[in-house]
Structures are given as C-alpha cells and as structure tokens.
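When we follow UniProt numbering, the leftmost residue of the sequence shown carries the number 1, and every step to the right adds one.
Quick reminder that beta carbons are idealized off the backbone N, C-alpha and C, glycines included.
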Amino acid sequence: MTSQSGEEDDESRSPDGDRLARGRARLAEITGRSGAEVMAALGEVAPDFARYIFEFGYGDIYSRPGLDLRTRMLATVAGLVALGHARRELEVHIGSALNVGASREEVVEVIMQMALYAGFPAALDALLVAKEVFAARDAAPAPEDAGRSDGT
1 MTSQSGEEDD
11 ESRSPDGDRL
21 ARGRARLAEI
31 TGRSGAEVMA
41 ALGEVAPDFA
51 RYIFEFGYGD
61 IYSRPGLDLR
71 TRMLATVAGL
81 VALGHARREL
91 EVHIGSALNV
101 GASREEVVEV
111 IMQMALYAGF
121 PAALDALLVA
131 KEVFAARDAA
141 PAPEDAGRSD
151 GT
C-alpha cells in the first residue's frame with residue numbers, strides 16, 4: 001500500500017513493525033525458537049493477541065535496558081510460580097532462563113524462595129516442572145550431535 005506521500009507502507013518502517021521485529025528477535029534469542037508456532041496456534045482465534053505478545057512482551061518489556069536477560073528470566077520464573085496456574089509458560093520460561101545463562105541451581109533457588117510468598121503447593125508444582133525441563137535437556141542430543149544419524 002502506498003501512503004499519501006507516495007512512499008511504500010512497510011511493516012518494518014512503522015513503529016509497530018519495529019516493535020514486532022524487535023520482539024521476534026528477542027523471543028528467538030531467549031527461547032531459541034522463532035515464535036512462529038505461537039503465531040500459528042493463535043492465528044485462527046486471536047492473531048492480534050500473538051502480535052501483542054511479540055510487540056509488548058518481547059519488543060518492549062524484554063528489550064528494556066536496566067536488567068540483563070538472565071535476571072529478567074529469573075524474575076519471570078518467580079512471577080509464574082507465584083501465579084500457580086501457568087504450567088506451560090513456566091516450562092518455557094525455565095528453559096529460557098537456562099538459555100540465557102541462569103544455572104539450574106539458580107532456577108531451583110528462585111522457585112524455593114517463592115514458597116514463602118506463593119505457598120508450598122505452588123513451589124512444589126514448579127519444582128516438578130523444573131525437574132521435567134532439566135530431564136528433557138539431559139535427554140536431548142548435544143547441538144553438535146543433532147544432525148548426526150550414524151550414532152557417533
């Protein structure tokens with residue numbers, strides 16, 4: 001589409017397009033995935049909601065200065081533990097915390113700390129999610145081995 005000034009309207013030239021691109025890049029940096037599955041999963045029911053996740057969540061909030069990604073992800077894990085009803089997101093964000101440099105011990109300590117504020121049931125559930133995330137990582141092939149099919 002062409003604007004009144006004769007320039008091409010382009011998603012990447014608009015402020016929202018910048019937020020979307022920045023959000024997609026930040027999500028990929030944190031999770032190691034593009035987020036295309038989120039867009040596809042919500043595409044039929046709420047495509048705008050998926051865009052909001054990218055633009056606001058990752059393009060604005062996760063891209064702010066002031067905290068490094070490791071600290072942001074540990075804070076996110078704490079918040080999700082406190083909610084007590086976000087298992088899917090907790091699983092993703094525990095993995096993301098590990099992706100950006102948090103140790104397993106730090107993740108466990110953050111979850112245990114939340115027992116004081118979110119209660120023991122929420123912390124227990126979160127520790128079991130962390131155990132599953134850790135086990136899945138231990139079972140996954142190393143990145144350099146992922147493409148091998150000869151068993152070496």
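Secondary structure of residue i, DSSP reduced to three states
i	result
VAL133	helix
LEU128	helix
SER96	helix
GLU44	coil
LEU67	coil
ALA82	helix
ARG33	coil
ARG19	helix
ALA25	helix
GLY59	helix
ALA123	helix
CB contact flag (residue i, residue j, <9 Å)
i	j	result
GLY23	GLY57	yes
ALA118	LEU90	no
Whole-Å CB distance - residue i paired with residue j, under 8 Å assumed
i	j	result
LEU74	GLU106	6 Å
ALA123	MET112	6 Å
VAL129	ARG87	6 Å
ARG64	GLY101	So it is not a contact: roughly 18 Å between Cβ atoms.
At least three beta-carbon pairs within less than 8 Å, the region 93-104 to the region 126-143: yes
Three or more C-beta pairs below 8 Å linking the region 23-38 and the region 48-57: yes
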